[in-house]
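Data first, discussion second: the structure below is written as C-alpha cells.
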Amino acid sequence: MRHTGIYAIGLLFLFSTGFLDTARARQETSNDSNNADATIRRLIRAVDSERISKHLFYLSKDPLPYRKLNLTLPGHEKNTLYEADDYLASELEAWGYHVGREGVQVQAFRRDPNKPEHAQYSPPKPEDPWYTAYNLYAERKGRSAPGRIIVVLAHKDSQSWIDSPGANDNAIGTVGVLEMARVLAEYTSESTIRFLFCNEEHTPWTSKTAAQKAKSRGDNIVAVFNMDGIGAKTAEETAAGKKTNVTAYTKPEGKYLAKLMGEVNARYSIGLEQRTAKRPRPGDDDGSFVLAGYPAAVINIGSFPYGDPNYHAGGDIPETCDTENAAMTVQATLAAVVTIDRDL
Ligand SMILES: [Zn+2]
7 MRHTGIYAIG LLFLFSTGFL DTARARQETS NDSNNADATI RRLIRAVDSE
57 RISKHLFYLS KDPLPYRKLN LTLPGHEKNT LYEADDYLAS ELEAWGYHVG
107 REGVQVQAFR RDPNKPEHAQ YSPPKPEDPW YTAYNLYAER KGRSAPGRII
157 VVLAHKDSQS WIDSPGANDN AIGTVGVLEM ARVLAEYTSE STIRFLFCNE
207 EHTPWTSKTA AQKAKSRGDN IVAVFNMDGI GAKTAEETAA GKKTNVTAYT
257 KPEGKYLAKL MGEVNARYSI GLEQRTAKRP RPGDDDGSFV LAGYPAAVIN
307 IGSFPYGDPN YHAGGDIPET CDTENAAMTV QATLAAVVTI DRDL
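To get my numbering, take the position in the sequence shown, counting from 1, and add 6.
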C-alpha cells in the first residue's frame, strides 16, 4: 500500500508538472504573439510620411531631377544615378547599416518616338556606351535564423530613354524601402531582412543579376516584396481620395504573401483598399526572382494594371505622388515582413 501511495503521488507529480509545462508553453506562445503584435504596432507607428516626402523630392526634383547613368548635371562629377546611390548609402549608413555594392554592366535604352508615349524605350545598339550600374544592399542579420532571408526591394533608377523624374516609377518605392530600413534598424529580427535597391530602366535589369547570384550562392529566400509605384493609381481614384494597394503574385507560393498583406491591413487597421492580382507571367523585379527560382515573390503597386496617367512620361513628378498612400503601403509591408520574420 505504501508503495502504491508513493507511486500515486509520483504520478500525480508527473501529471501536475506536465500540466504546468503545457500551461506555461501556452502562456509563452500567447505572450510571444502579444509581444509580436505590440512590436508590429510600434513599428507601424514609426513610419513617417514626411520623411518619405523629403526623400522623394530629393531624389526626383531637387537636387536630383533624374536618376540615370547617361545624365550628369552641369558642374557635377558623377551621373545622377550615382548621386542617388550616394544619397541612399549615406542615409543607410547613418542608421548603422553596412552598404554593399554589386556592379552590373548595362546600357541606356534608346528612344523610339514612333511608339506610344508610355512605351518609347527601344533596345540599345551594341556600339552604345556601357555603364556600371550598382545594386545596393543593406541587411538586418537574423538572430536565430540568419540563413532564412526576406528581401524587400525597389528599382531606384529613372527612365534612361527620356527625361522623366520617375517619381511614381519608382522614386516612391525606393524611398518606401528606405523608410522600412530606417524603422527596422531598431528591430532585432529572427530572420535576415535584406534591402535591395536595383535598376530596371536601363538594360539588362540589375535585379536579374541579384536574383541569379542569390540562387547560385544557395540563399534561402523565403519572401520577396517588390515596391514599385506604391500609391500610384488612376486620376479618378486619386480624385476620389482612394488609398490603394495591389499585391500581385505570379506563382502559388506568392499567393500567401498577397493574402497576408490583406490580413495585416485588416488586423492593424491600416486602411488600404487592398487587393490581390495574379500576374499572367513573371514581370518587373519580383519577376527576376521568380525566374531565378524564388516563387514567393510579389509586387506591391498602387494599381494593376498600372493606372498612373504620367507613366513613363515627363509629368511623372513628385507633386503627383500620394505619399500618405505610400506610407500606408509601407506600414502594411512592414507588418507582413515582421509577421513572416516571427513565423519560424
Ligand atoms: Zn518603368
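Even glycine gets a Cβ: it sits at the ideal position worked out from N, Cα and C.
| Query | Result |
| --- | --- |
| Quiz: which residues have CB nearer than 6 Å to ligand 1 non-hydrogen atoms | 175, 207 and 318 |
| Three-way DSSP call (helix, strand, coil) for residue 53 in this model | coil |
| Coarse secondary structure for residue 99, derived from DSSP in three states | helix |
| Proximity to residue 91 [Cα-Cα], best of 54, 73 and 83 | 73 |
| Bridge partner(s) assigned by DSSP for residue 231 | 158 and 304 |
| Euclidean distance between Cα positions of residue 79 and residue 169 | 12 Å |
| Complete runs of the beta strand (DSSP E) confined to the region 218-272 [at least 3 residues] | 226-233 and 250-255 |
| Best match in 346, 328 and 145 for proximity to residue 270 [C-alpha to C-alpha] | 346 |
| Opening and closing residue of the alpha helix (DSSP H) in which residue 336 lies | 329-348 |
| CA nearest to the CA of residue 336, picked from 146, 102 and 159 | 159 |
| Supposed contact pair residue 304 and residue 314 - C-beta distance, whole angstroms, cut 8 Å | Wrong, their Cβ atoms sit about 19 Å apart, outside the cutoff. |
| Limits of the unbroken beta strand (DSSP E) element including residue 201 | 197-204 |
| Pairwise C-alpha distance: residue 341 and residue 273 | 10 Å |
| Rounded straight-line distance, which links the Cα of residue 339 to that of residue 231 | 8 Å |
| Spatial neighbours of residue 61 in its chain, beta-carbon cut-off 7 Å, leaving aside the 5 residues before and after | 181 and 184 |
| Reduced DSSP secondary structure (H/G/I, E/B, other) of residue 140 | strand |
| Beta-carbon proximity list for residue 283, same chain, < 7 Å, skipping 5 on both sides | 252, 254 and 310 |
| Where residue 209 falls: helix, strand or coil (DSSP) | strand |
| Straight-line Cα distance separating residue 109 from residue 201 | 16 Å |
| Beta-carbon proximity list for residue 213, same chain, < 6 Å, skipping 5 on both sides | 204, 291 and 294 |
| Short Cβ contact (7 Å threshold) for residue 289 with residue 237 | no |
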